[in-house]
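Enquirer: Input: one structure, supplied below.
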Amino acid sequence: MYTFQESDLHFTFQDGYVVKKYDEQPFYQLFSGRGLRAVDFIGLHSDGRAWMMEVKNYSNRPITQAHHIRQKLSGDTSPLFQQMQQKITDTKRAITAIDDYLYGKWWYRWRYQMLSRLGSKNILLQQDRMYWIEVAKRVEEMQCLLWLELPEDWVEERNRLHELAKNMPFELVDRRVIPDFLVEVSD
219 MYTFQESDLH FTFQDGYVVK KYDEQPFYQL FSGRGLRAVD FIGLHSDGRA
269 WMMEVKNYSN RPITQAHHIR QKLSGDTSPL FQQMQQKITD TKRAITAIDD
319 YLYGKWWYRW RYQMLSRLGS KNILLQQDRM YWIEVAKRVE EMQCLLWLEL
369 PEDWVEERNR LHELAKNMPF ELVDRRVIPD FLVEVSD
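Residue numbers (my numbering): 219 to 405.
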């Protein structure tokens, strides 16, 4: 199991998944500072399922920030949702660039083919380069999620955002509906 901290929350992921904190990856560091935005986590299961997840935690913010946060979450097209769409697009673009780079190297292709024939999928996924090649194969079918943590008493905002998210290219999740790849989320 993998456990990571993001936005003052601890996420524990199911066995069978290899999860990377995307903005800490060496490949992402190459793109950092070039205007590309990124999601927080990318996960890949040995059966081929892949997902990306962005985490926003507004539950512990000072009361003085409540008005600003509500503005960010308001309207028919929430600025937060627009940012999420941009992060998805940029993350997919970067994954494709990583794949182009790796597959441009003949010895990566050869190594990948040899290891694919010899090893189990989980062992392969532990290796950074192999992980990114597998993620790139699934980049267009990846499940995209926005984990949104709001104060408990923001029921109206939460319901409205869940309704708006139905028309978005990502799923809005929180502690009420925990995705199957997560074991636990805690403060």
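Backbone N, C-alpha and C fix where the C-beta goes; we use that ideal spot for every residue, glycine too.
In this text, all values refer to a predicted model and were calculated from it rather than measured experimentally.
Could you give the DSSP three-state label for residue 367: helix, strand or coil?
Expert: Position 149 of the sequence shown, counted from the first residue, corresponds to residue 367. If DSSP states are grouped into helix, strand and coil, residue 367 belongs with the strands.
Enquirer: DSSP puts residue 235 in a beta bridge; with which residues?
Expert: Residue mapping note: residue 235 aligns to position 17 of the sequence shown, counting from 1. Paired residue(s): 263.
Enquirer: Classify residue 270 as helix, strand or coil using the three-state DSSP reduction.
Expert: Locating residue 270 in the sequence shown gives position 52, counting from the first residue. Residue state, collapsed to three classes: strand.
Enquirer: Excluding the 5 residues flanking residue 405 on each side, which residues of the same chain have their C-beta closer than 6 Å to its C-beta?
Expert: To locate residue 405, count along the sequence shown from 1; it is residue 187. Taken in chain order, the list of residues that qualify is empty.
Enquirer: Is residue 263 buried or exposed, if buried means 16 or more other CB atoms sit within 10 Å of its CB?
Expert: Position 45 of the sequence shown, counted from the first residue, corresponds to residue 263. Residue 263 is buried by the Cβ-count criterion.
Enquirer: Measuring CA to CA, which of 360, 316, 372 is closest to residue 278?
Expert: Taking the first residue of the sequence shown as position 1, residue 278 is located at position 60. Considering only alpha carbons, the answer is 372.
Enquirer: Using the beta-carbon count (16 or more within 10 Å), is residue 296 buried or exposed?
Expert: Locating residue 296 in the sequence shown gives position 78, where the first residue counts as 1. Answer is buried; the Cβ neighbour count reaches 16.
Enquirer: With DSSP as the reference, label residue 257 as helix, strand or coil.
Expert: Numbered from 1 along the sequence shown, position 39 holds the residue referred to as residue 257. Looking at residue 257 - three-state DSSP - the assignment turns out to be coil, as it is neither helix nor strand.
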